[in-house]
Amino acid sequence: MAGYRKLGRTSSQRKALLRNQVTNLLYHGKIVTTEAKAKEIRKIAEHMIALAVKEKDNYETVTVKAKVARKDKDGKRVKEVVDGKKVTVYDEVEKTIKKDSASRLHARKQMMKYLYSVTEVPQENAGRKRNTKSINLSDKLFEEIAPKYANRNGGYTRIVKIGPRKGDAAMEVLIELV
1 MAGYRKLGRT SSQRKALLRN QVTNLLYHGK IVTTEAKAKE IRKIAEHMIA LAVKEKDNYE
61 TVTVKAKVAR KDKDGKRVKE VVDGKKVTVY DEVEKTIKKD SASRLHARKQ MMKYLYSVTE
121 VPQENAGRKR NTKSINLSDK LFEEIAPKYA NRNGGYTRIV KIGPRKGDAA MEVLIELV
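Here it is in structure tokens:
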């Protein structure tokens, strides 16, 4: 017997399907799918959440100095003439950043290897590229999802049966984060 369900697809199609469904589950918190797919999604999602819970506090806060372009009231860069050339003026700013330890960085890269990138489009600008923002799901896992499950030993997802689908009578389920 195989260690996983083949879902009637080739390996590349199956991998893409599972990546997409796990990404959507972690982004939205719940999805509706068939029972067989949900059981495969559960394995992957629980592994990622367990990885995030294990490494959630494994970083150090560091203060660094960075050069930032000075901007005027309209948000445009301030330029000055030096030796006949226009040059942007920079200010030095101190920022505090989270520096991942080696094991947390590895966990982050393992998550990013599997999850798709998500682009969020605001409702008022639907259909336009302006004001879209890219969501980092590994950050969401570490900062939102992992603290929620810190005291829990597994069992991060729940599968609830909805009933048979109208077209082919496949059992539909709701898989959600507990």
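Okay, so the sequence shown: first residue is 1 according to full-length UniProt numbering, each after it adds one.
Cβ atoms here follow ideal geometry from the backbone N, Cα and C, with glycine treated the same way.
In whole angstroms, what is the alpha-carbon distance linking R152 and K6? Working through the sequence shown from its first residue, we reach residue 152 at position 152. Working through the sequence shown from its first residue, we reach residue 6 at position 6. R152 and K6: Cα-Cα distance of roughly 30 Å.
Cα-Cα separation between G155 and R14, rounded to whole angstroms: Here residue 155 corresponds to residue number 155 of the sequence shown, with the count starting at 1. Here residue 14 corresponds to residue number 14 of the sequence shown, with the count starting at 1. Cα to Cα, G155 sits roughly 24 Å from R14.
Round the Cβ separation of L26 and L105 to the nearest angstrom and send it over; I've been treating them as touching at under 8 Å. Looking up residue 26 in the sequence shown gives position 26. Looking up residue 105 in the sequence shown gives position 105. 19 Å between Cβ atoms; not a contact.
Let me know if R108 comes out buried or exposed under the rule of 16 or more other beta-carbons within 10 Å of its beta-carbon. Taking the first residue of the sequence shown as position 1, residue 108 is located at position 108. Result: buried.
Determine the contact status of I44 and L18, defining contact as a CB-CB distance below 8 Å. By 1-based counting over the sequence shown, the position of residue 44 is 44. By 1-based counting over the sequence shown, the position of residue 18 is 18. Cβ atoms of I44 and L18: closer than 8 Å.
Alpha-carbon spacing of H28 relative to E35, whole angstroms: Numbered from 1 along the sequence shown, position 28 holds the residue referred to as residue 28. Numbered from 1 along the sequence shown, position 35 holds the residue referred to as residue 35. Those two C-alpha atoms are separated by around 19 Å.
Identify whether A169 lies in helix, strand or coil by the three-state DSSP scheme. Taking the sequence shown and counting its residues from 1, one reaches residue 169 at position 169. Reduced to three states, the DSSP call for A169 is coil.
Same chain, Cβ closer than 8 Å to E172, five either side skipped, listed in chain order: The residue you call residue 172 lines up with position 172 of the sequence shown. Answer for E172: V32, T33, T34, E35, K161, I162, G163, P164, R165, listed in chain order.
By how many angstroms is the C-alpha of A66 removed from the C-alpha of Q21? Along the sequence shown, one-based indexing puts residue 21 at 21. Along the sequence shown, one-based indexing puts residue 66 at 66. Their Cα atoms are separated by approximately 38 Å.
Got a sec? Which residues, its chain only, sit under 6 Å from A170 by beta carbon, not counting five neighbours each side? Position 170 of the sequence shown, counted from the first residue, corresponds to residue 170. Result list for A170: T34, in chain order.
Count the other C-beta atoms from every protein chain shown that fall within 10 angstroms of the C-beta of residue 239, then say buried if there are 16 or more, exposed otherwise. Since the first residue shown for the chain is 1 and the last is 178, residue 239 is missing from the structure and cannot be characterised.
With C-beta atoms as the reference, is L141 less than 8 Å away from M111? Stepping through the sequence shown from its first residue, residue 141 is reached at position 141. Stepping through the sequence shown from its first residue, residue 111 is reached at position 111. For L141 and M111, yes; Cβs fall inside 8 Å.
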